[in-house]
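Using numbering that gives the first Met the number 0, the letters of the sequence shown correspond one by one to residues 0 to 188.
All C-beta atoms in this analysis are idealised placements derived from N, C-alpha and C, irrespective of residue type, glycine included.
Report on the following structure.
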Amino acid sequence: MRLPPIAPSDITDEQRELFDAMTEGVAAKYSSFITRRDDGALLGPWNAWLHDPALGQAFWGATQAMTKARRIPDPARQVAIIAIGAHFGAAYEIYAHGAVAISQHGMSEARIATLAAGERPVDLDDDEAAAFDVARALLRGGPLPDPLYQLAIARFGQAGTNELIYLVGHYCFVSMTLNGFAIPVPGAA
């Protein structure tokens with residue numbers, strides 16, 4: 000880990016607003032994986048963003064917007080996010096969203112392992128399969144092939160397709176944050 004977690008007692012005035020917002024937002028959304036140290040320091044990408052609060056505020060805002068968007072089913076979102084994490088080898092992303100997929104959507108450990116290996120599970124429903132295929136195609140680079148774009152439109156509508164494309168881009172960014180700062184899975188450091 001290249002940026003040490005910042006204990007609440009060490010938060011600067013410049014970091015306070017962002018720390019409070021992220022702490023509240025993360026606690027409200029995620030209870031199925033470790034997001035904080037015992038002393039209250041944030042882990043994951045949130046700690047990195049806290050080290051640069053001017054940029055971190057913008058990143059947190061984009062994250063909040065993506066969290067509020069609910070145009071595609073959450074299981075499909077989780078499949079796409081884990082596929083993105085696997086593509087980049089972002090361990091914390093796979094850990095966190097694997098835990099969400101299991102605890103909130105009953106996905107099997109075998110499915111999460113298949114996604115983490117960068118493979119397409121055979122038991123995806125139509126929405127999950129579309130999200131996986133769109134994410135994988137975008138991760139290869141170049142324009143999204145028209146048949147996949149049309150499939151996403153058919154499954155999720157225009158607004159949902161927009162959300163899926165933005166989601167892929169956002170979690171590519173989250174993966175880069177995790178990898179660039181060598182952010183580990185809690186307990187693996």
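Check, Outcome
"Residue span of the alpha helix (DSSP H) that contains Arg110, given as start and end", "Glu108 to Ala115"
"Distance, Gly168 Cα to Ser174 Cα", "10 Å"
"Segments assigned alpha helix (DSSP H), at least 4 residues, entirely inside the segment 25-70", "43-49 and 52-67"
"Where Ala89 falls, given that 16 or more other Cβ within 10 Å makes a residue buried", "buried"
"Own chain, CB closer than 7 Å to Leu114, minus 5 neighbours either side, in chain order", "Val78, Ile81, Ala82, Ala85 and Pro120"
"Rounded C-alpha distance that separates Arg69 from Gly186", "32 Å"
"The alpha helix (DSSP H) enclosing Glu118, as first and last residue numbers", "Glu118 -> no alpha helix (DSSP H), and no H or E assigned at all."
"Burial state of Ile152 (16 or more Cβ within 10 Å)", "exposed"
"Helix, strand or coil at Phe18 according to DSSP, with G and I counted as helix", "helix"
"Alpha helix (DSSP H) runs contained entirely in the segment 135-185, provided each spans 4 or more residues", "145-179"
"Ala20 versus Asp38, Phe58 and Ile33, residue with shortest Cα-Cα distance", "Phe58"
"Beta carbon of Gly39 nearer than 9 Å to that of Pro74", "no"
"CA nearest to the CA of Ile93, picked from Lys28, Ile182, Gly24 and Ala53", "Ile182"
"Rounded Cβ spacing between Gly159 and Ile71 (contact assumed at less than 8 Å)", "5 Å"
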